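Residue numbers (UniProt numbering): 1 to 261.
Quick reminder that beta carbons are idealized off the backbone N, C-alpha and C, glycines included.
Source: prediction; values computed, not measured.
One structure is given here, and the rest of the page talks about it.
What follows is the structure, given as structure tokens:
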């Protein structure tokens with residue numbers, strides 16, 4: 001990050017931990033803190049913050065913006081920078097990033113969900129190319145999926161002449177997608193797993209759902225597919241906008257209902 005000129009943790013050739021961003025570099029302290037800025041227990045999720053000589057003094061002529069990201073460290077003396085990243089740090093100091101704080105949302109039951117790890121897990125399916133998880137202020141999560149129709153055709157031996165609409169209506173495709181979502185979400189808690197899904201059109205630059213860096217504009221997707229999301233929650237549509245053909249909606253088989261919530 002520019003604000004930390006530009007690094008706070010690193011894996012080295014001799015000291016590394018798979019899945020982590022490394023340990024704090026020399027002279028830098030890393031903290032994982034709760035909403036009140038208090039350090040959480042080892043392995044618990046919170047916001048990744050740091051203290052060190054590499055931390056900026058502040059944003060030029062923007063004291064309000066500076067105050068949002070620079071606070072007092074737990075020692076009561078040092079200036080601590082808030083990265084905006086969610087993550088964990090184990091008792092050996094290995095730091096792992098789990099998502100972005102601004103993407104975190106709360107379900108109706110008060111449980112917090114970080115969508116990125118769940119979306120990334122589902123995206124590991126070779127039959128699914130893009131994923132957006134939804135659930136803020138809702139009873140449970142649902143998910144919008146952009147399928148990789150080429151992979152689906154090859155797997156289920158569909159002819160090239162079969163349309164995407166027909167593919168989406170086929171029970172074999174439904175079972176395939178159900179199975180992929182269920183298996184790729186197996187490691188998550190029950191309340192994190194989406195209960196329903198919908199197949200939607202690709203997110204592209206042309207429909208303004210991707211940034212120039214090819215990142216998904218989550219708010220644009222949710223705005224464009226607000227009716228689809230409403231249907232997934234069995235609610236009345238709020239508009240006539242659906243941003244492209246919705247091919248299929250279906251529930252997810254959670255399998256083991258004993259999964260810890």
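Suppose you measure from the CA of residue 20 to the CA of residue 28; what does that come to, to the nearest Å?
17 Å
Residue 50 bridges to which residues according to DSSP?
30 and 81
For residue 16, I'd like the list of residues in its chain whose CB is within less than 8 Å of its CB, leaving aside the five on either flank, ordered along the chain.
22
With a CB to CB cut of under 6 Å and the five nearest residues on each side skipped, what residues in its chain are close to residue 34?
40 and 46
Rounded to whole angstroms, what is the Cα-Cα separation between residue 207 and residue 172?
30 Å
The segment 194-206 touching the segment 131-143, judged by at least three CB pairs closer than 8 Å:
yes
Is the segment 113-126 in contact with the segment 74-82, if contact means three or more CB pairs nearer than 8 Å?
no
What's the gap between the Cα of residue 67 and the Cα of residue 157?
58 Å
Alpha carbon to alpha carbon, how far is residue 57 from residue 146? Give it in angstroms, no decimals.
43 Å
When the Cα of residue 83 is compared with those of 25, 31 and 225, which residue comes out closest?
31
Three-way DSSP call (helix, strand, coil) for residue 70 in this model
strand
Segment limits, beta strand (DSSP E) that includes residue 179
Per DSSP, residue 179 belongs to no beta strand (DSSP E); it is in the alpha helix (DSSP H), 171-184.
In terms of residues, what are the limits of the alpha helix (DSSP H) holding residue 149?
149-156
Taking only beta-carbon positions, decide if residue 105 is within less than 7 Å of chain B.
Reference to chain B is not applicable here, since this structure consists of a single protein chain.
C-alpha distance - residue 205 paired with residue 92, whole-angstrom precision:
42 Å
Just verifying my parser: in three-state terms, what is the DSSP assignment at residue 129?
strand
Opposing strand residues paired with residue 204 [DSSP bridges]
Looking at the DSSP assignment, residue 204 forms no beta bridge with any residue, so it has no partner.
Burial state of residue 18 (16 or more Cβ within 10 Å)
exposed
Can at least three beta-carbon pairs, one atom from the segment 223-237 and one from the segment 160-172, be found at a separation below 8 Å?
no
What residues match up with residue 25 in a beta bridge as DSSP calls it?
Residue 25 is not bridged to any residue.
Taking buried to mean at least 16 other C-beta atoms within 10 Å of its own C-beta, is residue 43 buried or exposed?
exposed
Take the Cβ of residue 130 as the centre, count every other Cβ of all protein chains shown within 10 Å, and call the residue buried at 16 or more, exposed below.
buried
Going by C-alpha distance, which of 79, 133 and 124 is nearest residue 103?
133
Test item: CB-CB of residue 25 and residue 10 under 7 Å
yes
With a threshold of 7 Å on Cβ separation, who are the neighbours of residue 148 within its own chain once the five nearest residues in sequence on each side are excluded?
126, 127, 128 and 129
Just to confirm my understanding: we take residue 51, look at its own chain, exclude 5 residues before and 5 after, and list those with CB closer than 6 Å. What are they?
29, 73, 78 and 80
Looking only at its own chain, which residues have a Cβ that is under 8 Å from the Cβ of residue 2, when we skip the five neighbours before and after it?
56
For residue 164, tell me which candidate among 188, 187, 36 and 202 has the shortest Cα-Cα distance.
202
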